[in-house]
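Below: one structure, written as structure tokens.
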Amino acid sequence: MIFTACYTKLENGYMGQLLEWPEVITEGDNIEDCRAMLSDAAQEMALAYDENGREIIKTPFYVETLPINIKKAVAVNVS
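The sequence shown begins at 17 in my numbering and counts up one residue at a time.
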């Protein structure tokens, strides 16, 4: 099966998650380590699903760029 992996840079490495299978999530020291850990986590999750008679169903998702104008918070004096 082919999944879409999403990696997030953390302070001490990377977090990886499969977009179509959000329960599969892990961390690694670097991107290569995270990729390997994510693949292993998916294998382990697939085994657990099989042992429990569950079918792997890829969650459909839609990806788009979404421009958002972030406004800075304005301090309010309440005295």
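Cβ coordinates follow ideal geometry from the N, Cα and C atoms, glycine included.
None of the values given here were measured: they were computed from a predicted structure.
- Message: Using CA atoms only, rank isn't needed, just tell me which of Glu43, Thr20, Phe19 is closest to Glu27.
- Response: Glu43
- Query: If you draw a straight line from the alpha carbon of Asn93 to that of Glu48, how long is it in whole angstroms?
  - Reply: 49 Å
- Euclidean distance between Cα positions of Leu34 and Lys25: 15 Å
- Query: What is the DSSP secondary structure of Glu27, counted as helix, strand or coil?
  - Reply: coil
- Query: Given that a residue counts as buried once 16 or more other Cβ atoms are within 10 Å of its Cβ, and exposed if not, what is Tyr78?
  - Reply: exposed
- How is Ala52 classed by DSSP in three states: helix, strand or coil? helix
- Query: Looking at the structure shown, is Leu63 part of a helix, part of a strand, or coil, going by DSSP?
  - Reply: Helix at Leu63.
- Message: Strictly by DSSP, which residues pair up with Leu34?
- Response: Ala21
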